[in-house]
Amino acid sequence: MPTEIYMMKLGMTMTEGTVAEWHIPDGGEVKLGEDLYRLETEKVEMEVEAEAAGIVRHLVPAETTVDPGDVVGWIYAANEEIPDVLPGAPAGGASAAPAEAEPAAAAAEAAAAPARAEGERVPASPAARRLAKELGVDLATVTATGPRGRVTEDDVRSAHEAAAAAPAAAPAAAPGTPAPASPLARKRAEALGVDLSTVAGTGPGGRITKEDVEAAAGGGAPAAAPAAAAAAPAVAREDEVMAVRGMRKVIAERMYASLQETAQLTMDMDVAMDDCVKLRGQLIEEWSDDGVRPSYTDIVMKAAAKALRDHPRMNAQFLGTEMNLRGEVHVGMAVALDEGLVVPVVRNVDQIDLKAIAQESSRLAGLAREGKLGLDDMAGGTFTVSTLGMFGVDSFTPILNPPEVGILGVNRLRDDVRWEGERPVRQKAMTLSLTWDHRALDGAPAAQFLASVRDYLEAPFRLLV
Amino acid sequence: MAEKTFDVVVVGGGPGGYVAAIRAAQLGLEAAVVEREHLGGICLNWGCIPTKTLLHTADLYREMQDAERYGLTAEASFDIEKVVSRSRSVARQLNSGVKFLMRKNKIEVFDGSARLTGGGGLVVEKDGETVADLGADNIIIATGARPRSLPGLEPDGELVWTYKEAMVPTTMPSSLLVIGSGAIGVEFASFYRSLGAEVKVVEVLPRILPVEDEEISAFAREEFEKQGITIHTNATVESLEKGDDSVTATIATEEGTVEATFDRAILAVGVTGNVEGLGLEATAATVDRGAIVVNEWLETGEPGLYAIGDVSGPPLLAHKAMHEGVICVERIAGEPSARPMERRRIPGCTYCHPQVASVGLTEAAAQEAGFNVRVGRFPLVGNGKAIAVGDTGGMVKTVFDADTDELLGAHMVGPDVTEMIQGFVVAMGLETTEAELMETVFPHPTISEAMHESVLDAYDRVLHV
Chain A
140 MPTEIYMMKL GMTMTEGTVA EWHIPDGGEV KLGEDLYRLE TEKVEMEVEA EAAGIVRHLV
200 PAETTVDPGD VVGWIYAANE EIPDVLPGAP AGGASAAPAE AEPAAAAAEA AAAPARAEGE
260 RVPASPAARR LAKELGVDLA TVTATGPRGR VTEDDVRSAH EAAAAAPAAA PAAAPGTPAP
320 ASPLARKRAE ALGVDLSTVA GTGPGGRITK EDVEAAAGGG APAAAPAAAA AAPAVAREDE
380 VMAVRGMRKV IAERMYASLQ ETAQLTMDMD VAMDDCVKLR GQLIEEWSDD GVRPSYTDIV
440 MKAAAKALRD HPRMNAQFLG TEMNLRGEVH VGMAVALDEG LVVPVVRNVD QIDLKAIAQE
500 SSRLAGLARE GKLGLDDMAG GTFTVSTLGM FGVDSFTPIL NPPEVGILGV NRLRDDVRWE
560 GERPVRQKAM TLSLTWDHRA LDGAPAAQFL ASVRDYLEAP FRLLV
Chain B
-7 MAEKTFDVVV VGGGPGGYVA AIRAAQLGLE AAVVEREHLG GICLNWGCIP TKTLLHTADL
53 YREMQDAERY GLTAEASFDI EKVVSRSRSV ARQLNSGVKF LMRKNKIEVF DGSARLTGGG
113 GLVVEKDGET VADLGADNII IATGARPRSL PGLEPDGELV WTYKEAMVPT TMPSSLLVIG
173 SGAIGVEFAS FYRSLGAEVK VVEVLPRILP VEDEEISAFA REEFEKQGIT IHTNATVESL
233 EKGDDSVTAT IATEEGTVEA TFDRAILAVG VTGNVEGLGL EATAATVDRG AIVVNEWLET
293 GEPGLYAIGD VSGPPLLAHK AMHEGVICVE RIAGEPSARP MERRRIPGCT YCHPQVASVG
353 LTEAAAQEAG FNVRVGRFPL VGNGKAIAVG DTGGMVKTVF DADTDELLGA HMVGPDVTEM
413 IQGFVVAMGL ETTEAELMET VFPHPTISEA MHESVLDAYD RVLHV
């Protein structure tokens, strides 16, 4: 069996890679560990080494872009016969032109991604194993980038972070997961009655040391009953030090990265909501037997989905050198939990009716609160809606969830005044706060999208047809 | 006006300095080193490395003399010139290795002495001439230390040596007085005794190797005396009278004053920091007892001025200097992972015969610090491998905190212990307790099993006694 040459997957976010250059010509001989091809993605370039020795056959020519995991060539050992038509090659020979490479790669895909047998030991570095254990990452689910398919520490971290893009699924956030701590720290924590999950680690990699535990035991008890503290205001209060880890850490990194790496800005627009309020009341009554209660967020999601269809540039991924206008409309909805924020995704919002949206969003919110969201529940969003209206917020600047290019903030439903001629009329109104990535589209089209959302909401019958 | 500016200029190219420069280069900082003599410093040219070469030669020679025990026949003799010449060529090889590392990391090396001119400026002078005018945001002083001398006992390089002359003898002295029984004194005593010289060691403190655990000191003393080294503790050399080719010492011992004549004397009573001529007066840095005062981040009182290694005080160890260099530079670069050194976990090694190695607190120091101490011991006479190689003169002692079961210190004397102490250093760094150490599988047959047994002994579970 010849050895496959894969398009290596360098991280969870890598969606495609290019064989920029073959270092070994088609039919040439390669030694184990010798540089085989230069891999380029929009983010990095690296040399891929041969994982076997033998004769190299190219399945795709240089400068071909394929999906990660696709087979791009084969290495035939000295005793192996090289067939005329390579496995995975389109009929007509091995020298597929770049344009033809895609079907070839696609055909290869099925054969090229051998599922790991259940219980098979995943090659991984000790550090990767340790981290995986700490973070609760299943090594079998991690994409390996190390030599010979070995899972590295970075791979585990990427997998963890990717999982935490949907933070509820991040196992580190699960209560009861042991914090990384030295054996001595554990022993001391037990002796001193310190809950390790409340201790900030100062050791290498945030590991909790003996000193941390003793400081936590000796220093102001962070878990002191708030009532007691309030009753004794004369007592000096100690600062509470909280470790930034788990979901908090992921959110911190992602939010910061979002602001660092995009050109985002926010605009507000008011919407007259009288008709929406009326419609919602009717729908609640209509669906009362089924117990379905559409929220304003559900209605805004539907309006946004329809507007996204009209303005595909807002339903896109900005990937630096190119933009991916997404074919489907999957809307993420931010759900606040005590530990942080999760963003489950309602699928095909443009195609399903309002009732289905209401049912799905309520199901996802329920799962989120129970901490039972699966990875699939959080993957694949093309746009996000975030609601702070229930807290009385009238306007805010939502932060983008890259590579998405838009996020819509839903604010409080408030009493407002509309002028009918010289006569002031009371009406319900709501402000929508749209953050968008100026790299992907400019202010005018963004405003047009937002106006389109407004128009749907002001004539909500259009949401039902 | 500085003609050349850098992010970091390191003054002194010893192990602390050149490692600091490499780390700086790794972190993308422009780094330079000013060295007045040899890259690699004392360690590599006149310290650690060449003495280890000599001591290895001494070990081989001793074993050759002992050949009959093993059923071998060997005629043992040596040529001191060749012994020294090998030691020098090893030093040269490593010196050029450091030069290569500087080139590889694109670190500019200035030949000369540096003098601070204030405000991040420094001039490099060679033979009284200014050869370079440098500016740097960060200056690291890593000028090391030199032998301390005592009034009346000043070394002259002919009859009264420092380590430097002791390392390159042109003739083999038949008798030698070693003043001071720290690592340097004991190593030279061991070397010259192994080559046949009559050696007397004079120590002002009550025991030799005063920084080591008392039991280890006593054990080592007994071994040295078996080899024929005479040792006076609680004794001082009151005067040295130089003859044509000999020195006569007046030694005040507990039993009274004795006078004895030796071919040569070695002054090994400690070192003092090279703090002079650096222009420190022009800065806010302070000097205390021959060492530049620094905080845990190696910062002096002057912003942007740092000191690492011997010049910043004890312990005077190359590995301490290297580690400080790394910490200091990571601090400069703002690396979030930078952490101050855990000073209690710096190991120390002495390469006399038998070797001595230790880390952490001695039993006495642990008691003094208020720990409820639990001690384990294991003699090498109970170790199969030690018996097999015919070298059972040694023991392993472990010191635990009986309340927390933390490993507080480990002390070893015997063959190869300098290579094994790292096991305990890692264990302490990871804050292991006795449980992990007892669960660890030590390979059989090795001398390292004695480490395991010592831990077992501390918990009354020793197997082979």
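Note that the protein sequences, when read in sequence, are chains A and B.
Per the numbering used here, the very first residue in the first sequence carries number 140; after that it's consecutive.
Per the numbering used here, the very first residue in the second sequence carries number -7; after that it's consecutive.
Built from N, CA and C at the ideal position, the CB exists for glycine as well.
Have a look at the DSSP bridge pairing and note the partners of residue i.
i, result
"R107 (chain B)", "B:V115"
"K(-4) (chain B)", "B:L126"
"P141 (chain A)", "P141 (chain A) pairs with nothing; no bridge assigned."
"F183 (chain B)", "In the DSSP output, where bridge partners are listed per residue, F183 (chain B) has none listed."
"C341 (chain B)", "B:A349"
"A23 (chain B)", "B:V0"
"H224 (chain B)", "B:V194"
Apply the 10 Å Cβ neighbour rule to residue i and answer buried if 16 or more other Cβ atoms are within range, or exposed otherwise.
i, result
"H436 (chain B)", "exposed"
"N375 (chain B)", "buried"
"A399 (chain A)", "The residue you asked about is not Ala; residue 399 (chain A) is Gln in the sequence shown. Classification for Q399 (chain A): exposed."
"R213 (chain B)", "buried"
"I132 (chain B)", "buried"
"F530 (chain A)", "exposed"
"I221 (chain A)", "exposed"
"P319 (chain A)", "buried"
"V178 (chain B)", "buried"
"Y215 (chain A)", "buried"
"W161 (chain A)", "buried"
"F216 (chain B)", "buried"
"W575 (chain A)", "buried"
"I379 (chain B)", "exposed"
"I546 (chain A)", "buried"
"M443 (chain B)", "buried"
"R281 (chain B)", "exposed"
"V153 (chain B)", "First, the amino acid is wrong: residue 153 (chain B) is Trp here, not Val. The residue is buried, with at least 16 neighbouring Cβ atoms inside 10 Å."
"L464 (chain A)", "exposed"
"A369 (chain A)", "At A369 (chain A), the pLDDT of 44 sits below 50, so the modelled position is not reliable; the number obtained from the coordinates is stated separately. A369 (chain A) should be labelled exposed."
For the beta strand (DSSP E) that residue i lies in, which residues bound it at each end?
i, result
"N463 (chain A)", "M462 to L464"
"A274 (chain B)", "First-last for A274 (chain B): undefined, no H or E at that position."
"A201 (chain A)", "No beta strand (DSSP E) holds A201 (chain A); DSSP gives it neither H nor E."
"A244 (chain B)", "V239 to T245"
"G548 (chain A)", "G545 to E559"
"A455 (chain A)", "A455 to F457"
"S525 (chain A)", "F522 to T526"
"Q566 (chain A)", "R562 to D576"
"W426 (chain A)", "Segment: none, W426 (chain A) is in no beta strand (DSSP E) and carries neither H nor E."
Where do the ends of the alpha helix (DSSP H) carrying residue i lie?
i, result
"N266 (chain B)", "Taken as a continuous stretch (DSSP letters only), N266 (chain B) belongs to no alpha helix (DSSP H), as it is neither H nor E."
"Y10 (chain B)", "P7 to Q18"
"V75 (chain B)", "I72 to K96"
"V418 (chain B)", "V409 to G421"
"V447 (chain B)", "E441 to A450"
"K388 (chain A)", "G385 to E400"
"P322 (chain A)", "P322 to L331"
"D409 (chain A)", "Not the alpha helix (DSSP H): D409 (chain A) falls in the beta strand (DSSP E), residues Q403 to A411."
"K606 (chain A)", "For residue 606 (chain A) there is no data in the structure shown, the boundaries of chain A being 140 and 604."
"G401 (chain B)", "It is not in any alpha helix (DSSP H) - G401 (chain B) instead sits in the beta strand (DSSP E) that spans L399 to G406."
Starting from the Cα of residue i, find the closest Cα among the options and give me that residue.
i, options, result
"L506 (chain A)", "A:M472, A:I144 and A:L539", "A:M472"
"L178 (chain A)", "A:A267, A:P200, A:K567 and A:I194", "A:P200"
"F102 (chain B)", "B:R28, B:E445, B:V433 and B:R95", "B:R28"
"E394 (chain A)", "A:L514, A:A411, A:V481 and A:G208", "Going by the sequence as given, residue 394 (chain A) is Met instead of Glu. Out of A:L514, A:A411, A:V481 and A:G208, A:V481 has the C-alpha closest to the C-alpha of M394 (chain A)."
"M462 (chain A)", "A:P542, A:A504, A:D428 and A:G510", "A:P542"
"E190 (chain A)", "A:E300, A:G166 and A:T284", "A:T284"
Going by the C-beta, is residue i closer than 8 Å to any heavy atom of the ligand ATP?
i, result
"T43 (chain B)", "This structure lacks the ligand ATP, and indeed carries no ligand of any kind."
Chain D beta carbons: is any one of them nearer than 9 Å to that of residue i?
i, result
"T396 (chain B)", "Among the protein chains in the structure shown, which are A and B, there is no chain D."
Taking Cβ-Cβ distances below 8 Å as the criterion, which residues of the stretch 322 to 338 of chain A are in contact with chain B? P322, L323, A324, K326, R327 and A330
Given a limit of 7 Å on CB to CB distance, which residues of the stretch 508 to 521 of chain A reach chain B? none
Residues in the stretch 414 to 431 of chain B with C-beta within 8 Å of chain A's C-beta atoms, listed in sequence order? L422, E423, T424, T425, A427 and E428
Anything in the stretch 342 to 354 of chain A with a Cβ closer than 9 Å to a Cβ of chain B? List those residues in chain order, please. G342, P343, G344, R346, T348 and K349
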